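Here the structure is laid out as structure tokens; the discussion comes afterwards.
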């Protein structure tokens, strides 16, 4: 049985990675050429924004304020992608590949949070978001396979 005094843990890490992912998706929309990929990126950013909103009350419990930071690892990947696409004609694929890696990172931080002893309500929210994140990852993985040359 979960202890009622259990505190929310590692939710701010999830929000930071997701926030950086949202920024990366928005930036990628401006860079890719394919309309289907653009629309997929817009949808992914929107789903992440909804997840962040659902997680903010947990961040408030965890740290006493909402989380508005972003992950340095994801920001670095975004900068790498911009640089890499300067030297390739495969810009759309490069963005898809890097954003699929971001989805891997989202799953990892969600799993880290789910492995903590969390209050029941936090576990419910995290589990639901983890399910959605898996679907998003799988969609990006499929898109990566479709765009690979």
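Residue numbers (our numbering): 266 to 414.
In this text, a Cβ means the ideal position worked out from N, Cα and C, and glycines have one as well.
Keep in mind that this is a model prediction, so the values were computed, not measured.
Taking only three categories from DSSP, how would you classify residue i?
i	result
residue 316	helix
residue 355	coil
residue 411	helix
residue 382	coil
residue 273	coil
Determine the direct distance from the alpha carbon of residue j to that of residue i, and round the result to whole angstroms.
i	j	result
residue 276	residue 410	31 Å
residue 413	residue 387	38 Å
residue 310	residue 406	16 Å
residue 285	residue 396	20 Å
residue 282	residue 363	14 Å
residue 267	residue 339	With a pLDDT of 44 at residue 267, under the threshold of 50, the predicted position of this residue should be treated as unreliable, though the coordinate-derived value follows. Near 33 Å, if we compare the C-alpha coordinates of residue 339 and residue 267.
residue 273	residue 394	15 Å
residue 221	residue 280	With the chain represented from 266 up to 414, any question about residue 221 goes unanswered, as that position is not in the structure.
residue 344	residue 373	21 Å
residue 390	residue 320	7 Å
residue 329	residue 369	28 Å
Let me make sure I understand the geometry here. Which of the options has the alpha-carbon closest to that of residue i?
i	options	result
residue 355	273, 272, 296, 271	296
residue 402	385, 337, 375	375
residue 306	390, 288, 323	288
residue 408	332, 358, 315, 369	358
residue 436	361, 391, 398, 368	Shown here, the chain extends from 266 to 414; a query on residue 436 therefore has no answer.
residue 341	392, 303, 367, 390	367
residue 317	303, 333, 326	333
residue 324	278, 302, 303	278
residue 365	385, 392, 384, 398	398
Taking 7 Å as the cut-off, is the beta-carbon of residue i closer than that to any non-hydrogen atom of the ligand MG?
i	result
residue 409	With respect to the ligand MG, the structure shown offers nothing to examine, as it has no ligands at all.
If contact is defined by three or more beta carbon pairs under 8 Å, each pair taking one atom from either stretch, is the region 377-396 in contact with the region 286-293? no
Ignoring anything shorter than 3 residues, give me the beta strand (DSSP E) runs that lie fully in the region 278-337, in order along the chain. For the region 278-337, not a single whole beta strand (DSSP E) run of length 3 or above is found.
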